[in-house]
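Q: My structure is below; once you've seen it, I'll send some questions.
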Amino acid sequence: MKLPTVGVETPTDREVSVRRVTDISVEIVSDSGEGAQKCGQIFGSVSAKMGNGVWTVEIIPAEVEPPPRNPAGASGIRIRLGDREVTNWGDETDVAVAFNEQALLGRHRLNALAPNATILLESMWATHPDPSVRKQWEEAMEELSDREYRIIEVPMEEQCLTVVDNPRRGKNMFVLGLLSWIFDRDLERARDQIGHAFRGKKAEITERNVQLLELGYAWGAEHLDFRYEIGTLEASAPMVVMNGNEAVALGAVAAGLELAAMYPITPATSVSHMLGEVFERYGGVVHQAEDEIAAAGVAIGASYAGRCAFTITSGPGLALKTEFLGLAVMAEIPLVVVDVQRGGPSTGLPTKVEQSDLLAAMFGQPGDAPHVVLAPATIEECFHVMTTARRIAEALRTVVVVLSDANLATGVAPFPRPALSPEWQAAPPDQRPIPEGVKPYDWDPRTGVSRRFIPGQAGGEHTLTGLAHDERSKVAYDSAINERSSTMRSRKLLAFQHTLIAPEVNGDAGGGDLLVVGWGSTRGAIEEAVARARAQGMSVSSLHLTFLSPLPPGLKEIFGRFRKVMTVEINYSDKKGDPFVTDHNRRRGQLSWLLRATTLVDVDCWTRVLGEPLRPGRILQAIRENMPGGTR
Amino acid sequence: MKLPTVGVETPTDREVSVRRVTDISVEIVSDSGEGAQKCGQIFGSVSAKMGNGVWTVEIIPAEVEPPPRNPAGASGIRIRLGDREVTNWGDETDVAVAFNEQALLGRHRLNALAPNATILLESMWATHPDPSVRKQWEEAMEELSDREYRIIEVPMEEQCLTVVDNPRRGKNMFVLGLLSWIFDRDLERARDQIGHAFRGKKAEITERNVQLLELGYAWGAEHLDFRYEIGTLEASAPMVVMNGNEAVALGAVAAGLELAAMYPITPATSVSHMLGEVFERYGGVVHQAEDEIAAAGVAIGASYAGRCAFTITSGPGLALKTEFLGLAVMAEIPLVVVDVQRGGPSTGLPTKVEQSDLLAAMFGQPGDAPHVVLAPATIEECFHVMTTARRIAEALRTVVVVLSDANLATGVAPFPRPALSPEWQAAPPDQRPIPEGVKPYDWDPRTGVSRRFIPGQAGGEHTLTGLAHDERSKVAYDSAINERSSTMRSRKLLAFQHTLIAPEVNGDAGGGDLLVVGWGSTRGAIEEAVARARAQGMSVSSLHLTFLSPLPPGLKEIFGRFRKVMTVEINYSDKKGDPFVTDHNRRRGQLSWLLRATTLVDVDCWTRVLGEPLRPGRILQAIRENMPGGTR
Amino acid sequence: MSDSCSLLHVLHEDEDDRHFEMGDYQGPTARWCSGCGDHSVLAAAQRLLTDEQLKPETTVFVSGIGCSSRFPHYMKTYGFHGIHGRALPVATGVKLTRPELDVFVVMGDGDCVSIGAAHWIHALRYNVDMVALLLDNNIYGLTKKQTSPTTPQGYKSNTQPRGSYLPAMNPLEATLGVTNASFVAQTAEWVPAHLFATLKAAHQHRGFSFVRILQRCPHFTPDMYSEAVKKPALVQVLTHPEGIRVEGLEQLYPNQVRHDPADIHAARELAEDASVIRLGLFFRDESRPRYEETRALGKHTAREKIDLLNEEFERYAV
Amino acid sequence: MSDSCSLLHVLHEDEDDRHFEMGDYQGPTARWCSGCGDHSVLAAAQRLLTDEQLKPETTVFVSGIGCSSRFPHYMKTYGFHGIHGRALPVATGVKLTRPELDVFVVMGDGDCVSIGAAHWIHALRYNVDMVALLLDNNIYGLTKKQTSPTTPQGYKSNTQPRGSYLPAMNPLEATLGVTNASFVAQTAEWVPAHLFATLKAAHQHRGFSFVRILQRCPHFTPDMYSEAVKKPALVQVLTHPEGIRVEGLEQLYPNQVRHDPADIHAARELAEDASVIRLGLFFRDESRPRYEETRALGKHTAREKIDLLNEEFERYAV
Ligand SMILES: Cc1ncc(C[n+]2csc(CCOP(=O)(O)OP(=O)(O)O)c2C)c(N)n1
Ligand SMILES: Cc1ncc(C[n+]2csc(CCOP(=O)(O)OP(=O)(O)O)c2C)c(N)n1
Ligand code: SF4
Ligand code: SF4
Ligand SMILES: [Mg+2]
Ligand SMILES: [Mg+2]
């Protein structure tokens, strides 16, 4: 076992090497309940405040409280820092802190650690009184030794005991101190953040934690022989930092949404936790319904009544809302549905990311049910998409599905603090009496749009129905009426599509060898990969789509400028060359499917369902492998 | 008012013209409850027995018992007769019998009657004591007079009163007699059928009805001046005659299916009515669940337990089953789902035909849920599809969705009596203990197929789950396992696709100007239209798809032989030339969408959502309008 | 709500000296079968609205799918004819966010007790102030005679041609078992005076009023209530000063029993016993908490919300 | 079923002289939090199977989604870990078509009482012979502390941070209101002897046995039952010769009340009163009709079916 342990050296004995980096990933892993996440969050916040680009992702085990010291139960957080904006979780971890060797092993097995990672590991297990623990330790060291890790043992528990009785409740702050020394973090800011994290608790708790922070810092200063220096970027505008679900929640408030009807489901639920906290103060209501069907029904009822409502869920819940979505389209009731996608099908991978609900969101409803589907690509967009979605839903009197995912939901990154506008909250149609002769579906024949009536408006009395109906909302079985009303519902989408602008090419708008097309949360990783590939001389660009239904104009024309077009998505596709796969029967990535049908361009795809965000390095490799002509 | 009324003439006064036809459509319309349907059914059966090709469709009002004498409430039946096989309901009605002028008006307004139709109309309303009825009559005659109908008044009520007290309960048999004279039907067979229809009732009821039949026949012979003669085809094999839902029900028994779990929904319910009748005798069970979700769950439970179960529904019910379908795909539980499509979206047009559930059936489930979708094209196929579906579901351990529709469900036509095979009912996997080491998902890496374990098999104990799982069915969050199991589920479809054969071109396999592609119930109408177009010299052929997921091989190659490819479907598409429609944003027919994405051929579409089966004449017109180069 | 939200509320408070006649609530002619009990319920509802002078524009009828669910189409108020089994969530959404509206829910027995059962149980629990009418004809009407949970055991239908396999579900008993249920009554459409009085009491109750209305379906189950209609002795009326009081009903229905609607135990015993058809108020408790009491939307202006959001941003500030 | 169907049944009747130990029912180590009440229920179920010598291969545990629904994974029997709220329909499908199997259903309170409510009500009514366990921790565990219908009023959660708005739904009362319910019991996982005896009685009952198990979730609601665990006086045990009998329990739980499980009215009154936690058999009626009695699959051979079908074709012959 090669175990480069730091001996007991005095600072003067060591030479501290300072590595200058532009980008680095740090991970803290522990058993669940040991506070690794809080440690990482504070580390991330302090870094953001100091002007680093930051992207934080939590590592969440499947069970609430898995057995301790178990590779499958690793709980923790990854923080990626950069000297400029960081848009994704990156590739592998450069510096890891592990509270025990089993959690570390879990990360090792998932290839989460860079082959030459530096690892700070709690040392107590090597000499644990329980021989089975010592045996596990030894076996773990054996398994870890096939990489070039630098593992540094740190007596975390021992150190913490000098300050607290129960080190399980303090180790995380000691580690924060360690990392603060390594990355030269501003301790004042760290103290502030600790204060913030424990606000409402007793003052001595904050004090104790600050003490541990300082202990860790001092220990690092005394024992470690490396530090990192990372540039910062002066933020041009005030920034806020949060995860995508928090952004959706605050975005909902900013958009004037008043009712969030939901049924708990991972990874969507935290939006309602957040709203449960803040909505009350803002006059909004979170309604936890008896199931997802009822949640959709309550949101539709509220919207019918002229209020601004949305419903939020994930795949299995979306499935249950299908019938109500069809009704909302048919009866032209505005409705915003947020689907925070997770791994599927069925219960699948509830805490992991996937982008597999696109076609279900678009085509899931039996019958022809035209509606809008869009996907935010960044945490900032998670905030603003709520206003966009509400506006479209109300303007078109239809359903707008917003496709977020577990990557956005749990990723934390700073973005410019939004300048809020009262207009975003503009009330639905005024409540004046309906003039004689105006009908509840007075479709404008050019746009399919009609004025919305809401209860309370005298003269507007009518019964809305999911049956085929005429302009007066009367049940009608007449052929011509059915064709006409179907046409009007579809025309709204056409007219709306007309207002969209062609997306901008990232890279070379003039064309090139390869165009990578993405949607949703993969934008940061794709663009990073494209930048690296371009730096390596490859003629590759990318295009990112926000609107999936309808698709923006100009795609075919843009595609025509590239020798090859390929989507990159986190969903399933058959791999070329696999048994029985032909060009004809290949099941393709969901966006590539859409683009092929629309543009008739031979859009290829590179997709993976690994239950984790795409790594820019892997995309880079895919780009290389897919360069027409071959750049390999 | 031009009202060519038949005067009181003696037979010798008239010359009876006999028109020889190869194909003719007859309609009987009345208020609901007046027995027009029973009359038409007997007329159709007698005709089939005499060797005519027959297609019967019921005209069903939306309400159970709509107000009498109301155009929207017309209830009735259309019978199309031919001198050879009749595969669809045809274009317009040539001969109509109406019990009142309002029901007639309803049909007139739906353009159901040929412009020169001959109409036999109950005469009592013209002289009704209620002046408002007389007024309605006059207005109706005015409205009807813009076509070249020949309307013949018949004193039906007056005549019936000579035999029965309540003519409402006898008029239909009188009309049967009238039609029997006009079409020279075999009265003996008609008497038999009446006996069959009233079996279980008192003998005098049958007698009374036979009397009315004879009265109608005699009245026709005495007063009418036209008859039709239509050739017959000697049936080469014994035939049975039934509607598509009856065929599905009997097909389910023939396929060895034992449990039909359902929740009532039009137009699927009559399958369960039928099974409710017959299943008990065959050892099967119809389970009417509390809702469609539970119906799917019960079928899945039964199938998991090794029994052969299916669930049947229509659009709104399919929406509710979405989540369970995802589970069945994920956990690899065989399941047959029959969706008898109706007009949509939402409650839509519950009694009318549409083919709008194709994409929802394929893509409706969040996550990647590969499964099989197929569509019977004829009533005969409704029977056999159940065996096919069950076999595929069990062989692939997956979901098979069968897309029938309201056209097949209610259309009645003869087909060769199936030669049943015990093999169709072969039991699921044997129940022997599971050998050591065999795992519940021992995927064959080439085909993705694995052996099904069912409770009762010692050594096979395991827990099936909708979470991501490994070969032993253990919950697994590992990236590699998720990729692998996703691949295996998809590979089953690839391997299956490999066994399919390219569909045959109807017309000229060598190619031509236009290829019309269809699926499901439109086959008869499309092929008739193609035949007519070819007879008119147009270079058009057609292709009909049974498998929609996966698609059969060879399509791209076939398409390549035609100058233009176009689907004909009963679902919505934006019309070229309508406001805002571009080639890029056009929402297309569902099959054309699938074909474009798969083959990258510019597959156009001609679709209508008129709430009625497509008429061959309208398809012919569409063919003419879409001939490349233009044959117009 | 946003800036103009206050406007929305002001408009509703407008002085209003309109007087409404029955005709003001009558929509197009109902297209139910002749003799269908739904007609009587429609008439009673229209009478109630007239009696209470509810404004047509602030009254909403929500329904599911079924013969009975066509109800809103025949009213001249706002109506929401939604999807099968889901009327209650929609109505909850309406009332929760627009408490000033009068909300009525019309459901069939399949709609409410079968596919809608989860919502039914939970609506009773939420106790949101609205009137829910179960038009119970013990059969699926619109889809043409399938067994419903309330179909009597042994009764033949198209899906259970050998007769329903299980005893009929008793909606009153089920309702009375749900914690927080606050108003449970039963009436019959062929006793118009009692029907009307029941609707009136239900409307006046603050909370979720559940009314089961026994309803004839002459088309599919002509025999279902024919005896009870003919023989008033088969019907027993619950009486109490706190119950539903109908002048002179004792002449027609001399079979009466005194029942205090505050007594849930007695209510359950009466509900359970199927030997006689009981009409009246089984249970009422105005003190049950109503979900919307704690769950009302606030009336913040857009400006106020922006200020609050900006405060919130401080927590997230970098 | 088809030709080989008889074979299927023969195999199950095979002579079998295996004897099963607890270990034969134990799957992999359960991954619930330490101290989670689900562990005790698992142990009790394993003990029951040993006691009754159920064959692992003919025993099926069906569950939904939730912490508690992981249950089947930790058994060495057949298991079906399905989707949230839908365990009962799946179990119904299994038992209806394979009556020779022993079927157990494990549900959480969200699973059964919230999203699964319609199936719960209807499963009680179908009265198919199986054991249904409601593992009621009064909270959503797996999704991390949201209010469930059984969460006590005022109890704080992540979705209702100001406390649950409504009184907790009482699953016993609701159950006792459903026509055709045949076995309703309550026990607590921290009283293992009572838990075991209850499972045993439930398993022996012919019909649908509904058992609510009060279950601790130390992770999210450590305070929920801590008082009751500490103070046996807060618990009252129902006793009766026909009830659930546990030797010596009166020493630990001296607070006892005699209750005849045939008396539905008394059962409802006991269920309703929330002043004390009651454990025992509230109601049992073995005479209630079971759906599967009339709904069993036949044992026709393929040949017989073909003959019948051919007869049927005569009706449709041209
Ligand atoms: C999701 C869904 N399932 C089934 C149906 C078909 N359906 C329409 S009405 C109805 C039941 C009608 O019975 P009931 O609710 O008792 O109302 P009634 O017609 O008797 O008034 C059913 C099953 C539907 N429209 N939607
Ligand atoms: C359709 C659907 N909705 C929501 C979820 C998310 N979900 C998983 S478990 C659960 C509830 C867990 O609570 P409970 O049923 O009480 O079980 P416990 O975890 O407390 O044992 C929820 C809402 C899901 N998996 N599927
Ligand atoms: S079928 Fe029955 S419930 Fe429906 S309208 Fe006719 S009588 Fe009324
Ligand atoms: S969260 Fe609660 S219910 Fe879930 S395993 Fe932990 S203690 Fe048990
Ligand atoms: Mg009904
Ligand atoms: Mg729970």
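Protein chains in written order, with the working numbering: chain D, 799 to 1430; chain W, 799 to 1430; chain F, 4 to 321; chain Z, 4 to 321.
Yeah, the Cβ is synthetic: ideal placement off N, Cα and C, and Gly gets one too.
#1: Which word fits L1157/W, buried or exposed, when buried means at least 16 other C-beta atoms lie within 10 angstroms of its C-beta?
#2: Tell me the DSSP secondary structure of S1339/W in three-state form.
#3: Cβ of D1089/W within 6 Å of any heavy atom in ligand 5?
#4: Quick one: complete alpha helix (DSSP H) runs, 4+ long, within the region 968–1031 of chain W?
#5: Considering just the uninterrupted stretch of the beta strand (DSSP E) at W1317/D, what are its terminal residues?
#6: Which residues in the same chain have their Cβ closer than 8 Å to the Cβ of K1290/D, if we skip the five residues on either side of it in sequence?
#7: Under a CB-based cut-off of 7 Å, is M848/D close to chain W?
#8: Please specify which runs of the alpha helix (DSSP H), each continuous and at least 4 residues long, are wholly inside the region 92–147 of chain F, giving them in chain order.
#9: Within 6 Å: the Cβ of C39/Z and any heavy atom of ligand 4?
#10: Can you tell me whether Y81/F is helix, strand or coil according to DSSP?
#11: What are the start and end residues of each continuous beta strand (DSSP E) run of 3 or more residues lying completely inside the region 1132–1170 of chain W, in chain order?
#12: Against chain W, which members of the region 258–281 of chain F pass a CB distance test of less than 9 Å?
#13: If you run the structure through DSSP and keep just helix, strand and coil, what is M1364/D?
#14: Got a sec: does ligand 3 put a non-hydrogen atom nearer than 6 Å to the Cβ of V862/W?
#15: I want to see whether chain D comes within less than 7 Å of M4/F, judged by CB atoms only; does it?
#16: Given this structure, state the Cα-to-Cα distance separating V187/Z from L1262/W, to the nearest angstrom.
#17: When the distance is taken between beta carbons, is P170/Z closer than 7 Å to N183/F?
#18: Only counting runs of 4 or more residues, tell me where the alpha helix (DSSP H) segments fall wholly within the region 1366–1414 of chain W, in order along the chain.
#19: Check whether the Cβ of G144/Z sits closer than 6 Å to any heavy atom of ligand 4, and report yes or no.
#20: Does the Cβ of G180/F have 16 or more other Cβ atoms within 10 Å, making it buried, or fewer, making it exposed?
#21: Does any C-beta atom of chain C lie closer than 7 Å to the C-beta of A1100/D?
#22: Is G67/Z near ligand 6, with its Cβ less than 6 Å from a heavy atom?
#23: Indicate whether at least one CB of chain Z lies closer than 7 Å to the CB of T885/W.
#24: Could you round the C-beta distance between L1312/W and F1360/W to whole angstroms and report it? I think they count as a contact, below 8 Å.
#25: Taking one C-beta from the region 944–952 of chain D and one from the region 914–929 of chain D each time, how about it: are there three or more such pairs within less than 8 Å?
#26: Taking the straight line between their C-alpha atoms, what separation do you get for D1306/W and M1037/W?
#27: Could you check if H1296/W belongs to the surroundings of ligand 3, using beta carbon to heavy atom distance under 6 Å?
#28: Just to check my reading of the structure: Q1388/D and S1154/D have Cβ atoms closer than 8 Å, yes? What is that Cβ distance to the nearest angstrom?
A: According to the structure shown:
#1: Per the 10 Å Cβ criterion, buried.
#2: Strand at S1339/W.
#3: Result no, Cβ not under 6 Å from ligand 5.
#4: 969–980, 985–995, 1001–1021, all fully within the region 968–1031 of chain W.
#5: Note, W1317/D: beta strand (DSSP E), 1310–1317.
#6: Only residues of its own chain outside the window of five on either side were considered, and among them P1168, L1194, R1195, T1196, T1245, G1246, V1247 have a CB closer than 8 Å to the CB of K1290/D, listed in chain order.
#7: Closer than 7 Å: no.
#8: Within the region 92–147 of chain F, the runs of alpha helix (DSSP H) at least 4 residues long that lie entirely inside it are, in chain order, 120–129.
#9: C39/Z: yes, Cβ under 6 Å from ligand 4.
#10: In the three-state DSSP reduction, Y81/F falls in the strand class (E or B).
#11: Restricting attention to beta strand (DSSP E) runs no shorter than 3 residues, the region 1132–1170 of chain W encloses them at 1133–1139, ordered along the chain.
#12: So nothing in the stretch comes that close.
#13: In the three-state DSSP reduction, M1364/D falls in the strand class (E or B).
#14: Yes.
#15: Its pLDDT being 32, under 50, M4/F is placed unreliably by the model, and nothing is read from it.
#16: Their Cα atoms are separated by approximately 29 Å.
#17: Yes, they are a contact pair.
#18: If only complete runs of 4 or more residues are kept, the region 1366–1414 of chain W shows the alpha helix (DSSP H) at 1388–1397, in order along the chain.
#19: Because some heavy atom of ligand 4 lies under 6 Å away, the Cβ of G144/Z counts as near it: yes.
#20: Taking every protein chain shown into account, the CB of G180/F has 16 or more other CB atoms within 10 angstroms, so this residue is buried.
#21: Absent here is chain C; the protein component of the structure consists of chains D, W, F and Z.
#22: Every heavy atom of ligand 6 is 6 Å or more from the Cβ of G67/Z, so no.
#23: Not an interface residue.
#24: Under the criterion of beta carbons closer than 8 Å, L1312/W and F1360/W qualify as touching, at roughly 6 Å.
#25: Yes, since at least three Cβ pairs between the region 944–952 of chain D and the region 914–929 of chain D fall closer than 8 Å, the two stretches touch.
#26: Approximately 30 Å, taken between the alpha carbons.
#27: For ligand 3, not one heavy atom lies less than 6 Å from the Cβ of H1296/W.
#28: Between Q1388/D and S1154/D a beta carbon distance of about 7 Å is seen, short of the 8 Å cut, so the two are scored as contacting.
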